[in-house]
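**Student:**
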Amino acid sequence: MGAHKVLVVGGGGREHSLCLALNNSVMVERLYCAPGNAGTASIASNIDISPTDVDRIVDFCIKSNIDLVVVGPEAPLCESLADRLIAANIACFGPVAELAELEGSKLHAKQIMSEVGVPTAGFQILKNVENIDAALNDFSQNPWVIKRDVLAGGKGVLVTTDRSEAKSFITNAIQTDGKVLLEEFLPGQEASMLVVMDGSGFVCLPPSQDHKRAYDGDLGPNTGGMGAYCPAPIVTKSVHEKVISRIVRPMFEHLSKMTTPYRGVLYVGLMITESGDPNVVEFNVRFGDPECQITLPLIKTDLFTILHSASTDTLSSLQVEFHDAHALTIVLASEGYPNQPIKGRVVEGISAKQANIALESSWVNHAGTKLVENKIIANGGRVLSCSAMSKTLSGAAILAYELIETITLEGGHYRSDIGGQILGVNR
Ligand code: AMP
Ligand code: GLY
Numbered sequence: 033m034g035a036h037k038v039l040v041v042g043g044g045g046r047e048h049s050l051c052l053a054l055n056n057s058v059m060v061e062r063l064y065c066a067p068g069n070a071g072t073a074s075i076a077s078n079i080d081i082s083p084t085d086v087d088r089i090v091d092f093c094i095k096s097n098i099d100l101v102v103v104g105p106e107a108p109l110c111e112s113l114a115d116r117l118i119a120a121n122i123a124c125f126g127p128v129a130e131l132a133e134l135e136g137s138k139l140h141a142k143q144i145m146s147e148v149g150v151p152t153a154g155f156q157i158l159k160n161v162e163n164i165d166a167a168l169n170d171f172s173q174n175p176w177v178i179k180r181d182v183l184a185g186g187k188g189v190l191v192t193t194d195r196s197e198a199k200s201f202i203t204n205a206i207q208t209d210g211k212v213l214l215e216e217f218l219p220g221q222e223a224s225m226l227v228v229m230d231g232s233g234f235v236c237l238p239p240s241q242d243h244k245r246a247y248d249g250d251l252g253p254n255t256g257g258m259g260a261y262c263p264a265p266i267v268t269k270s271v272h273e274k275v276i277s278r279i280v281r282p283m284f285e286h287l288s289k290m291t292t293p294y295r296g297v298l299y300v301g302l303m304i305t306e307s308g309d310p311n312v313v314e315f316n317v318r319f320g321d322p323e324c325q326i327t328l329p330l331i332k333t334d335l336f337t338i339l340h341s342a343s344t345d346t347l348s349s350l351q352v353e354f355h356d357a358h359a360l361t362i363v364l365a366s367e368g369y370p371n372q373p374i375k376g377r378v379v380e381g382i383s384a385k386q387a388n389i390a391l392e393s394s395w396v397n398h399a400g401t402k403l404v405e406n407k408i409i410a411n412g413g414r415v416l417s418c419s420a421m422s423k424t425l426s427g428a429a430i431l432a433y434e435l436i437e438t439i440t441l442e443g444g445h446y447r448s449d450i451g452g453q454i455l456g457v458n459r
């Protein structure tokens with residue numbers, strides 16, 4: 033038993049799922065969330081501080097005797113939140129700014145991957161608009177993959193076969209950021225591997241698969257993620273072993289040698305070729321959203337203990353166990369998402385009863401929601417997601433779809449084919 037005070041930083045679906053799991057921990061006495069959402073409000077104390085207001089967060093933690101800070105989004109990490117908390121002797125789940133650059137700068141991530149020998153797509157850096165045509169010609173066999181070298185909130189990557197679209201994206205990026213990356217196109221299937229890591233060791237959580245395009249059949253614009261399921265069968269035992277030996281272990285060897293080792297979760301975005309060889313598409317320095325919502329429920333071991341161990345370099349002494357089950361989540365997005373989501377509409381049909389995260393059950397993960405006069409209002413692009421856990425993936429899909437059909441939001445949209453590639457169904 034413990035009497036720990038925990039602050040979760042962020043206010044999306046990922047943070048609601050972290051709060052749900054931490055709220056179930058006997059180790060947690062008091063749970064805070066900054067700024068939180070309508071879902072976290074019922075299980076934690078929402079604190080009205082922006083995740084990037086590092087000064088106020090550190091101040092709050094000192095005054096409230098916080099024992100552990102769990103950082104959801106990447107931006108506060110890039111702005112030195114972990115460095116500042118460590119200096120104040122507060123355990124932080126999330127890496128220091130220098131290591132958060134793995135997500136903050138795609139170019140930096142490429143350089144580290146090349147240094148430690150991790151497989152990833154070849155690339156060119158473009159700094160001069162006069163060189164665009166020649167560079168596009170060099171990569172013209174496949175769709176062009178263009179990446180900005182800044183944190184762009186999911187809008188920094190363009191994959192296109194349209195030359196004029198490619199040119200205008202590159203031109204804008206060079207004008208705004210001074211450079212842009214042009215990357216070799218990797219064919220294959222994507223999967224996400226969340227690896228909890230500290231200076232002593234690492235634990236791979238069950239791999240998952242996200243659905244990034246807005247509409248059914250993987251059509252429409254890229255989004256933050258429209259739904260996900262876990263585990264992902266594309267990551268077979270043999271692929272898993274290759275991911276560990278070629279990617280995770282070399283990264284751990286590198287990151288654990290730093291002055292302050294990596295403490296947090298390393299999100300490995302994978303592209304798996306037809307022959308089962310994994311390549312890194314991206315690293316993130318945080319839990320994926322919505323991957324977090326369907327990965328945490330599959331962890332049997334107490335979440336506070338895992339996150340606290342990883343913040344204090346004691347992970348290697350912990351045995352982490354998982355449920356033999358499947359989880360799936362479907363995101364309900366506002367009209368206009370991802371381009372111009374309409375906010376302020378009422379969400380109806382969400383049960384007030386506490387989420388019951390257990391086998392053969394379903395629950396709501398709040399994301400962009402807020403409470404106004406006891407009404408739940410859509411306050412973001414991704415409003416909520418309906419999640420379920422079952423012995424089978426199809427069981428989880430049935431439960432999650434049954435739940436989402438009971439919720440109404442004017443203009444709201446969700447994909448009807450989450451998990452469909454595996455289940456072979458087209459709803
Ligand atoms: P990123 O933000 O780097 O994960 O890129 C966003 C999305 O673009 C990924 O989830 C992939 O679907 C796609 N993508 C990124 N890099 C590549 C690549 N080298 N080859 C193919 N698709 C890619
Ligand atoms: N779902 C993708 C991400 O969190 O980056």
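Numbering (the numbering used here) for the sequence shown: 33 to 459. We put the beta carbon where it would ideally sit given N, CA and C, even for glycine.
1. Per DSSP, which one or two residues make a beta bridge with residue 171?
2. When the Cα atoms are used, what is the spatial distance from residue 181 to residue 42?
3. DSSP three-state call for residue 452: helix, strand or coil?
4. Of all residues in the structure, which have a C-beta closer than 6 Å to any heavy atom of ligand 2, taken in chain order?
5. Using a threshold of 7 Å, state whether the C-beta atoms of residue 86 and residue 116 are closer than that.
6. Less than 7 Å between the beta carbons of residue 334 and residue 230, yes or no?
7. Count Cβ pairs between the segment 363–382 and the segment 435–452 that sit closer than 8 Å; are there 3 or more?
8. How about residue 135 and residue 397: are their beta carbons less than 7 Å apart?
9. Starting from residue 108, trace the beta strand (DSSP E) in both directions and tell me its first and last residue.
10. Can you give, in chain order, each stretch of the beta strand (DSSP E) that sits fully within the segment 294–339 and has at least 3 residues?
11. Do you know how far the Cα of residue 245 is from the Cα of residue 167?
12. Output needed for residue 34: all residues of its chain with C-beta closer than 6 Å, excluding positions within five of it in sequence on either side, in chain order.
13. Where in the segment 388–451 do unbroken runs of the alpha helix (DSSP H), each at least 4 residues long, occur, reported from the N-terminal end onward?
14. Should residue 55 be flagged as near chain D, meaning a C-beta pair shorter than 7 Å?
15. Between the C-alpha atoms of residue 242 and residue 191, what's the straight-line distance to the nearest angstrom?
16. Pull up the CB-CB distance for residue 264 and residue 360, whole angstroms please, since I reckon it's below 8 Å.
17. Does the separation of the CB atoms of residue 343 and residue 232 fall below 7 Å?
18. On the CB-based measure, 16 or more other CB atoms within 10 Å of its CB, does residue 204 come out buried or exposed?
19. Give the secondary structure of residue 383 by DSSP, where H, G and I count as helix, E and B as strand, and everything else as coil.
20. Whose C-beta lies closer than 7 Å to the C-beta of residue 282 among residues of the same chain, with five residues either side of it excluded?
21. When DSSP labels each residue in this structure, what does residue 100 get in the three-state scheme?
22. Opposite residue 117 in the DSSP bridges: which residues?
23. Tell me the rounded alpha-carbon separation between residue 210 and residue 200.
24. Any heavy atom of ligand 1 within a distance shorter than 6 Å of the CB on residue 259?
25. Tell me whether residue 135 counts as near ligand 1, meaning its Cβ is closer than 6 Å to at least one heavy atom of that ligand.
26. If you measure from the CB of residue 189, is any heavy atom of ligand 1 nearer than 6 Å?
27. For residue 456, does the count of other Cβ atoms within 10 angstroms reach 16, so buried, or fall short, so exposed?
28. With a threshold of 16 other CB atoms inside 10 Å of the CB of residue 384, please say whether the residue is buried or exposed.
29. Excluding five sequence neighbours on each side, which residues of the same chain lie with their C-beta closer than 7 Å to the C-beta of residue 97?
30. Answer with buried or exposed for residue 72, where buried requires no fewer than 16 other C-beta atoms within 10 angstroms of its C-beta.
31. In whole angstroms, give me the CA-to-CA distance for residue 214 and residue 177.
32. Put residue 147 into one of helix, strand or coil per three-state DSSP.
33. Quick one, which of 447, 378, 125, 272 has its alpha-carbon nearest residue 337's?
34. Could you check what DSSP says for residue 355 in three-state terms: helix, strand or coil?
35. What residue from 260, 300, 109, 78 has the CA that sits closest to residue 19's CA?
36. Closer than 6 Å to a non-hydrogen atom of ligand 4 - does that hold for the CB of residue 244?
**Tutor:** According to the structure shown:
1. Residue 171 is not bridged to any residue.
2. 23 Å
3. If DSSP states are grouped into helix, strand and coil, residue 452 belongs with the helices.
4. 242, 256, 257, 316, 320, 321, 323
5. yes
6. no
7. yes
8. Against a cut-off of 7 Å, the Cβ pair of residue 397 and residue 135 comes out as no contact.
9. Counting along the chain, residue 108 falls outside any beta strand (DSSP E), though it belongs to the alpha helix (DSSP H) covering 107–110.
10. 296–304, 310–316
11. 27 Å
12. 59
13. Unbroken alpha helix (DSSP H) runs of no fewer than 4 residues, entirely contained in the segment 388–451, are found at 425–436, following chain order.
14. The question asks about chain D, but that chain is absent: this structure has only one protein chain.
15. Rounded to whole angstroms, residue 242 to residue 191 spans 17 Å at the Cα level.
16. That pair is no contact at about 11 Å.
17. For the pair residue 343 and residue 232, the CB atoms are not nearer than the 7 Å cut-off.
18. So residue 204 counts as exposed.
19. coil
20. 148, 149, 150
21. strand
22. According to DSSP, which records beta bridges pairwise, residue 117 is partnered with nothing at all.
23. 14 Å
24. no
25. no
26. yes
27. Around the CB of residue 456, fewer than 16 other CB atoms lie within 10 Å, so the residue is classed as exposed.
28. exposed
29. 37
30. Residue 72 comes out buried.
31. If you draw a straight line from the Cα of residue 214 to the Cα of residue 177, it comes to about 6 Å.
32. helix
33. 125
34. coil
35. Absent from the structure is residue 19, since the part of the chain shown begins at 33 and ends at 459.
36. You won't find ligand 4 in this model; what it holds is ligand 1 and ligand 2.
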